[in-house]
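Encoded as structure tokens, the structure appears first; notes follow it.
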Amino acid sequence: MSESIDQESDLSFHTAIEEPFTSLTSTPHKSSNGWVSYPTNEGKDSTNSSSPNLGNESIVNDIISRRRNASSGPANNLSQSARRDTENKKLKELRRLKRLQKTIKNRGGLDNMRDFVLNSEIDAEYARLAKEAEQFALPIDELERIEKQTEEDLDDDEILEFIEQRDKYQYELDQILNENIAKEGL
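Residue numbers for the sequence shown follow UniProt numbering, beginning at 1 and rising by one.
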């Protein structure tokens with residue numbers, strides 16, 4: 001009798017462990033040793049079977065084999081790998097964001113980084129302009145030649161102006177002399 005109860009409770013325990021999601025059609029049965037068992041969908045009660053070894057073992061084996069087949073199918077493996085890939089992507093993204101936040105903190109925050117970038121761009125622009133100015137700058141020899149030519153042009157202009165002034169004074173002097181001669185000759 002005690003062997004029958006032990007087998008009965010073992011089967012009830014295995015049935016409860018192996019198939020927790022079966023729908024219950026009746027109330028649970030409590031055996032004499034305190035184990036609770038539920039009847040299965042097939043209408044066979046694991047506690048009330050006359051030959052617990054034959055009927056219950058086949059039910060348990062059926063349940064176990066169905067679960068093994070379901071878990072080893074390609075759809076389940078794909079969903080697990082897809083789920084794993086999704087979780088890995090989320091973890092990578094979280095790690096990347098954490099690294100980014102740490103980098104920003106180490107660099108002094110967003111405001112300091114923005115100021116640094118702006119100052120760097122300004123310095124780069126000044127360097128570019130200086131290089132361009134150097135490229136279009138005149139050589140020193142050319143500058144000296146242009147300066148001499150400008151001085152010569154200024155000297156020539158001064159000489160021409162002086163000659164014009166002299167001619168003007170000469171003309172006025174001639175007119176004054178002619179007037180004086182005309183006044184005396186009268």
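We put the beta carbon where it would ideally sit given N, CA and C, even for glycine.
- Query: Would you report the Cα separation of Arg107 and Arg99, rounded to the nearest angstrom?
  - Reply: Approximately 12 Å between the Cα atoms of the pair.
- Message: Any beta carbon of chain D sitting closer than 8 Å to that of Ile163?
- Response: You won't find chain D in this structure, because it holds only one protein chain.
- Query: Can you tell me the Cα-Cα spacing of Gln165 and Gln175, whole angstroms?
  - Reply: Their Cα atoms are separated by approximately 15 Å.
- Item | Beta-carbon gap between Ile122 and Met113 smaller than 8 Å | no
- Task: Give the range of the alpha helix (DSSP H) segment to which Arg145 is assigned.
- Result: 140-184
- Query: Which residues in the same chain as Glu142 place their Cβ atom closer than 6 Å to its Cβ, once the five residues preceding and following it in sequence are excluded?
  - Reply: None.
- Query: Span of the alpha helix (DSSP H) holding Ala127?
  - Reply: 110-136
- Which value, in whole angstroms, describes the spacing of the CA atoms of Arg182 and Ile163? It is worth fixing the name first, because residue 182 is Ala in this sequence and not Arg. Between Ala182 and Ile163, the C-alpha separation is close to 28 Å.
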